[in-house]
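Structure, as C-alpha cells:
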Amino acid sequence: MLMVDDEPSLLDGFRMAFSRAGRPAVTSESFEDARKQLLEEKFDILVTDVRLGPFNGLQLAIIARDRDPEIGIIVFSGYDDPVLQAEAAHIDARYLVKPVTFDRLLDEIESLKPGR
Numbered sequence: 421m422l423m424v425d426d427e428p429s430l431l432d433g434f435r436m437a438f439s440r441a442g443r444p445a446v447t448s449e450s451f452e453d454a455r456k457q458l459l460e461e462k463f464d465i466l467v468t469d470v471r472l473g474p475f476n477g478l479q480l481a482i483i484a485r486d487r488d489p490e491i492g493i494i495v496f497s498g499y500d501d502p503v504l505q506a507e508a509a510h511i512d513a514r515y516l517v518k519p520v521t522f523d524r525l526l527d528e529i530e531s532l533k534p535g536r
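Per the numbering used here, residue 421 is the first one in the sequence shown, and the count goes up by one each step.
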C-alpha cells in the first residue's frame, strides 16, 4: 500500500497504526516521490490526499490506474466537493472527507480487497 499526504505527522501516525494492524504502508509526502514509487513498484492500494502542492491526488490516482487497472484507490480531502467526488468516481476511486479515522480508513481498504 502506498499512502500519500503532504502532512508528515498524519502519515507517520497512519503508518504506525497500519504496521501495528499488520498492514505495512509505504509513505510519501510529495506527488513527485509518489509518482516515482508508483512507476518503480507494484502496490495493491493507493491512499492519497487530493491536495499535494501544485499537483493533486486525482492526477496520481490516474497514473496508478493506468499502470495497474486492478489497484484499489482511496482519495481523501478536507472538502466535501461534489466535483472532486465525481472525478474520483470516474476513475473508480473511493472519496473520503477528512477527518478520516484509522478504523474508517482500514474498513475502506479491507473492502477494496478482491472477493469482498
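We put the CB at the ideal spot given by N, CA and C, even for glycine.
Give me whichever residues DSSP pairs with residue i in a beta bridge.
| i | result |
| --- | --- |
| F527 | Looking at the sequence shown, residue 527 is not Phe but Asp. None; D527 has no bridge partner. |
| T521 | None; T521 has no bridge partner. |
| M423 | T447 and V467 |
What's the call for residue i, buried or exposed, on a 16-neighbour Cβ count within 10 Å?
| i | result |
| --- | --- |
| M436 | exposed |
| G433 | exposed |
| I448 | According to the sequence displayed, residue 448 carries Ser and not Ile. S448 should be labelled buried. |
To the nearest whole angstrom, what separates the beta carbons of residue i and residue j, a pair I think is in contact under 8 Å?
| i | j | result |
| --- | --- | --- |
| D426 | G473 | 6 Å |
| R487 | L459 | 7 Å |
Excluding the 5 residues preceding and the 5 following residue i in the sequence, name in chain order all residues of the same chain whose CB lies nearer than 7 Å to its CB.
| i | result |
| --- | --- |
| N476 | V470 |
I'd like the list of long-range same chain contacts for residue i, defined as Cβ closer than 6 Å, with 5 residues on each side in sequence excluded.
| i | result |
| --- | --- |
| D500 | V517 |
| F438 | A445 |
| G468 | Note that residue 468 is Thr in the sequence shown here, rather than Gly. So the qualifying residues of the chain are V424, G477, L480 and V495. |
For residue i, which residues from the same chain have a beta carbon less than 8 Å from its beta carbon, with the 5 sequence-adjacent residues on both sides left out?
| i | result |
| --- | --- |
| L504 | V470, L478, V495, S497 and Y515 |
| R536 | For R536, the predicted structure reports a pLDDT of 38, less than 50, and the residue's modelled location is therefore unreliable. The matter cannot be settled from this model. |
Which one of the options has the shortest CA to CA distance from residue i?
| i | options | result |
| --- | --- | --- |
| E461 | I483, P502, L430 and T521 | I483 |
| E507 | M421, E449, L480 and S531 | L480 |
| L509 | G492, D453, K456 and E449 | Going by the sequence as given, residue 509 is Ala instead of Leu. Considering only alpha carbons, the answer is G492. |
Could you tell me whether any Cβ in chain B is nearer than 8 Å to the Cβ of residue i?
| i | result |
| --- | --- |
| R435 | The displayed structure is made up of one protein chain only, and chain B is not part of it. |
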